[in-house]
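Undergrad: Residue numbers (the UniProt record's numbering): 1 to 223.
For each residue, glycine too, the CB sits at the ideal point set by N, CA and C.
The structure displayed is predicted, hence computed values, not measured ones.
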């Protein structure tokens with residue numbers, strides 16, 4: 001899943017970007033509110049992690065502009081203050097959750113995955129397509145055995161699994177898999193689609209190419 005991290009503390013941002021990437025997220029990072037507001041107008045994200053105290057434009061102002069544009073992307077606020085008033089202010093401004101610094105990475109990941117499930121209308125349960133299973137934490141099983149995927153392969157499969165049997169464009173897969181800092185073209189997504197296809201080989205689930213439309217995850221014998 002593609003995530004925007006808005007954090008002005010460089011050390012914390014670098015750590016979070018690396019850690020969340022290892023957890024399977026494609027993470028873009030910006031360090032101030034104006035940059036965040038700009039990128040949110042042109043890019044699509046599954047989640048936003050937004051620090052409240054930012055230079056140039058604070059996090060609550062970024063959030064207010066985001067919601068005023070009608071964008072419903074889930075937002076988790078990071079705050080250095082535990083005061084109830086600030087937390088309530090953030091939630092009233094349209095935040096979906098908040099986390100007070102310092103925090104544990106496991107808690108951040110759990111909250112982000114909960115926001116994803118909520119935004120996708122999913123309960124905390126597994127999703128299955130034929131022999132392919134994705135649990136509530138985002139891990140894949142194929143025929144009841146762990147399916148070993150790189151973070152980008154997992155992003156491709158997760159994105160396709162959100163719309164089983166329906167076309168997903170190459171551009172959308174690219175946007176959900178690569179970050180703005182990646183030196184890759186949309187054509188690069190074909191390599192990861194090919195790799196995931198090979199790992200699904202021999203099962204009843206396959207990635208089908210739809211000429212001019214993109215790709216579709218389909219269960220071959222299923223009705």
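(1) Rounded to whole angstroms, what's the CA-CA distance from residue 169 to residue 215? Just pull it up for me.
(2) Taking 9 angstroms as the cut-off, decide whether the C-beta atoms of residue 36 and residue 62 are in contact.
(3) So the candidates are 59, 65, 159 and 66; which of them puts its Cα closest to the Cα of residue 77?
(4) Report yes or no: do the region 112 to 122 and the region 28 to 43 share at least 3 C-beta pairs separated by less than 8 angstroms?
(5) If we count Cβ pairs, one from each stretch, closer than 8 angstroms, do we get three or more for the region 62 to 76 versus the region 44 to 51?
(6) For the 8 angstroms Cβ check, are there 3 or more pairs between the region 199 to 217 and the region 127 to 135?
(7) Given a threshold of 16 other Cβ atoms within 10 Å of its Cβ, counted over all protein chains shown, does residue 211 qualify as buried or as exposed?
(8) Just curious, the beta strand (DSSP E) that residue 215 is in, first and last residue?
(9) Whole beta strand (DSSP E) runs in the region 100 to 182 with 3 or more residues, listed along the chain?
(10) Under the three-state reduction of DSSP, which class applies to residue 6: helix, strand or coil?
(11) If you drop the 5 nearest sequence neighbours on each side, which residues of the same chain put their C-beta closer than 6 angstroms to that of residue 7?
(12) Return the chain-ordered list of same chain residues with a C-beta closer than 6 angstroms to the C-beta of residue 171, the five sequence neighbours on each side being excluded.
(13) Drop a sphere of 10 angstroms on the beta-carbon of residue 146, count the other beta-carbons inside from all chains shown, and report buried for 16 or more, exposed for fewer.
(14) Does DSSP classify residue 66 as helix, strand or coil?
(15) Excluding sequence positions up to five away, which residues of its chain have a Cβ less than 8 angstroms from the Cβ of residue 99?
(16) State buried or exposed for residue 15, treating a residue as buried only when at least 16 other CB atoms are found within 10 Å of its CB.
(17) Could you check the C-alpha separation between residue 220 and residue 44 for me, to the nearest Å?
TA: Reading it off the structure:
(1) 6 angstroms
(2) yes
(3) 59
(4) no
(5) yes
(6) yes
(7) Exposed is the call here.
(8) 214 to 219
(9) 127 to 129, 132 to 134 and 140 to 142
(10) Three-state DSSP puts residue 6 in a strand.
(11) 13 and 51
(12) 186
(13) exposed
(14) helix
(15) 76, 77, 78, 79, 107, 108 and 111
(16) exposed
(17) 31 angstroms
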